[in-house]
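Below: one structure, written as structure tokens.
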Amino acid sequence: MKTYRSLGELPLGGGRRSVAIGSFDGVHLGHRAIIATAVEQGTALGIPSTAITFEPHPIAVLRPHLRPTVLTPLERKAELIAEIGVDELLVLPFTRAFARVRADRFIDMIGSPPLGAEVIVVGENFRFGHGGAGTAEAMRAYGRSNGIVVEIPPMVSSADGKPISSTRIRRIVGDGRVEEAAELLGRPHRIVGPVVPGDQRGRELGLPTANIDPPADAAIPGRGVYAARALLDDTAFPAAVNVGLAPTFREKGERPPLRVEAFLVGYEGPDLYERIITLDVLARLRDEQRFDGPDELVAQIKDDIARTVAIAAE
7 MKTYRSLGEL PLGGGRRSVA IGSFDGVHLG HRAIIATAVE QGTALGIPST
57 AITFEPHPIA VLRPHLRPTV LTPLERKAEL IAEIGVDELL VLPFTRAFAR
107 VRADRFIDMI GSPPLGAEVI VVGENFRFGH GGAGTAEAMR AYGRSNGIVV
157 EIPPMVSSAD GKPISSTRIR RIVGDGRVEE AAELLGRPHR IVGPVVPGDQ
207 RGRELGLPTA NIDPPADAAI PGRGVYAARA LLDDTAFPAA VNVGLAPTFR
257 EKGERPPLRV EAFLVGYEGP DLYERIITLD VLARLRDEQR FDGPDELVAQ
307 IKDDIARTVA IAAE
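In terms of our numbering, the sequence shown opens at residue 7 and continues consecutively.
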């Protein structure tokens with residue numbers, strides 16, 4: 007898959023593309039249906055398929071105080087979109103100037119060279135143009151007038167009949183319901199970050215943990231203990247993960263920053279400082295809790311580890 011960071015990077019003289027448009031944060035099952043439709047149409051017509059996304063998320067620019075957490079950073083989003091079979095990814099920088107582009111001008115941009123969309127695929131709730139004036143149906147009307155096929159796949163719903171959306175998944179992840187999030191994403195929710203120095207509590211207990219520092223805007227599961235699969239370079243380890251405040255060792259009233267600590271089962275190498283660890287979060291084991299002392303805490307952690315190994319082996 008080729009990646010372009012602006013319309014100006016597209017090859018001159020191109021055009022005739024099957025295009026899917028959306029923010030696609032999470033690349034969840036609903037997004038996959040939209041993108042797959044563009045791929046299928048492109049294949050049928052013998053033209054390239056292109057996914058168009060925006061960076062950063064439009065809400066982060068238009069309403070910074072409501073900036074959503076990020077399910078998939080751009081690099082991960084690109085990987086997941088490539089897996090669907092798209093030929094090209096066009097990342098349009100979303101700025102305040104871009105947000106002022108009128109809806110009709112945006113449609114013209116998609117349908118004209120160098121993009122030259124012959125097929126456009128968008129979700130039912132897709133909005134575009136200044137003030138969100140453009141709708142999916144407006145896109146379809148434009149297509150009818152300009153000889154462009156506009157596909158609007160129905161929203162994909164979960165087993166309970168509720169539509170799948172990035173907003174819903176962010177809320178579910180924040181609640182710690184990672185198994186439910188995985189059903190909507192089609193894979194486990196992922197956390198990525200470098201290992202940074204911690205307070206060495208795990209090492210003192212004989213259970214050294216890696217303190218992971220994900221991006222500030224990353225969607226992190228709510229406080230609790232989780233079973234995960236940790237990826238370190240090309241090697242996978244079961245990982246018992248605590249997301250929280252280490253309550254056993256903090257003073258009453260003290261509220262340190264939320265931390266993500268992972269015990270990698272079977273890892274016996276050197277310190278992991280500055281190494282990048284990827285956590286695929288598989289299941290929630292329990293709430294974070296305060297113990298009467300280190301011995302009680304260690305006993306519980308060992309039980310968490312045993313359950314983690316069993317879950318990771320499934």
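Using N, Cα and C, we set each Cβ at its ideal position, and we do this for glycine too. Every value quoted in this text rests on a predicted model; they were computed, and no experiment measured them.
Ignore the nearest five residues each way along the sequence and tell me which others in residue i's own chain have a CB closer than 8 Å to its CB.
{"i": "ALA42", "result": "ILE90 and GLY91"}
{"i": "ALA291", "result": "The sequence given here places Leu at residue 291; Ala does not occur at that position. For LEU291, where only same-chain residues beyond five positions count, the Cβ hits under 8 Å are GLY230, VAL231, TYR232, ALA233, ALA246, ASP310, ARG313 and THR314."}
{"i": "ARG111", "result": "GLY135"}
Which value, in whole angstroms, describes the spacing of the CA atoms of residue i and residue j?
{"i": "GLN130", "j": "GLY122", "result": "Looking at the sequence shown, residue 130 is not Gln but Glu. Going from the Cα of GLU130 to the Cα of GLY122 covers about 22 Å."}
{"i": "ASP240", "j": "PRO160", "result": "38 Å"}
{"i": "ALA216", "j": "ASN248", "result": "10 Å"}
{"i": "LEU68", "j": "GLY140", "result": "16 Å"}
{"i": "ALA50", "j": "LEU18", "result": "24 Å"}
{"i": "PRO54", "j": "ARG235", "result": "36 Å"}
{"i": "VAL76", "j": "SER29", "result": "11 Å"}
{"i": "MET115", "j": "VAL107", "result": "10 Å"}
{"i": "GLY259", "j": "LEU251", "result": "Confidence at GLY259 is low in this model, with a pLDDT of 49, below 50, so the placement of that residue is unreliable and no value is reported for it."}
{"i": "ALA165", "j": "ASP31", "result": "21 Å"}
{"i": "ARG193", "j": "ALA26", "result": "21 Å"}
{"i": "GLU257", "j": "ALA39", "result": "Note that GLU257 has pLDDT 49, beneath the 50 cutoff, so the model's placement of it is unreliable and the number below is only indicative. The straight-line gap from Cα to Cα measures roughly 49 Å."}
{"i": "GLN47", "j": "THR56", "result": "11 Å"}
{"i": "ILE283", "j": "LEU237", "result": "6 Å"}
{"i": "GLY14", "j": "GLU189", "result": "38 Å"}
{"i": "ASP298", "j": "ILE307", "result": "14 Å"}
Please work out which residues of its chain come closer than 6 Å, Cβ to Cβ, to residue i, disregarding the five sequence neighbours upstream and downstream, and give them in chain order.
{"i": "ILE197", "result": "PRO220 and LEU285"}
{"i": "ILE178", "result": "GLU186 and ALA187"}
{"i": "ARG22", "result": "ILE53, GLY122 and GLU124"}
{"i": "VAL162", "result": "LEU35, GLY36, ALA39 and ILE170"}
{"i": "GLY272", "result": "PHE243"}
{"i": "GLY180", "result": "GLY228"}
For residue i, which of helix, strand or coil comes out of DSSP?
{"i": "LEU121", "result": "coil"}
{"i": "TYR273", "result": "coil"}
{"i": "VAL25", "result": "strand"}
{"i": "ALA147", "result": "helix"}
{"i": "PHE60", "result": "strand"}
{"i": "THR141", "result": "strand"}
{"i": "LEU238", "result": "strand"}
{"i": "GLU15", "result": "helix"}
{"i": "GLU189", "result": "helix"}
{"i": "LEU251", "result": "coil"}
{"i": "LEU303", "result": "helix"}
{"i": "ARG281", "result": "coil"}
Within the same chain, show all residues whose beta-carbon is closer than 7 Å to that of residue i, passing over the 5 residues directly before and after it, in chain order.
{"i": "ILE65", "result": "LEU72, ARG73 and PRO74"}
{"i": "ARG146", "result": "VAL156 and ILE158"}
{"i": "VAL33", "result": "THR78, LYS83, LEU86 and ILE87"}
{"i": "GLY117", "result": "ALA123, ASN152 and ILE154"}
{"i": "ALA224", "result": "THR75, VAL76 and ILE197"}
Can you check whether the C-beta of residue i is within less than 8 Å of a C-beta belonging to chain C?
{"i": "PHE104", "result": "Chain labels in this structure do not include chain C; a single protein chain is all it has."}
Measure the CB-CB distance between residue i and residue j and report whether it falls below 8 Å.
{"i": "LEU96", "j": "VAL201", "result": "no"}
{"i": "VAL105", "j": "HIS63", "result": "Residue 105 is actually Ala in this sequence, not Val. It is not a contact, given that the beta carbons lie outside the stated cut-off."}
{"i": "LEU288", "j": "ILE170", "result": "no"}
{"i": "ILE175", "j": "ILE154", "result": "no"}
{"i": "ALA332", "j": "ILE218", "result": "Only positions 7 to 320 of the chain appear in the structure, and residue 332 is not among them; the question remains open."}
{"i": "ALA44", "j": "SER12", "result": "no"}
{"i": "LEU270", "j": "PHE243", "result": "yes"}
{"i": "ALA109", "j": "VAL128", "result": "no"}
{"i": "PRO120", "j": "LEU191", "result": "no"}
Is there at least one non-hydrogen atom of the ligand COA closer than 7 Å to the beta-carbon of residue i?
{"i": "PRO221", "result": "Absent from the structure shown: the ligand COA. Ligands present: none."}
Original post:
In chain order, which alpha helix (DSSP H) runs of at least 4 residues are fully inside the segment 155 to 181?
Top reply: Segments of the alpha helix (DSSP H) lying fully in the segment 155 to 181: 172 to 180.
Subject >> Whole beta strand (DSSP E) elements within the segment 31 to 118, 3-residue minimum >> reply: Annotation note: the segment 31 to 118 contains the following uninterrupted beta strand (DSSP E) runs of length 3 or greater, listed N- to C-terminal: 55 to 61 and 94 to 99.
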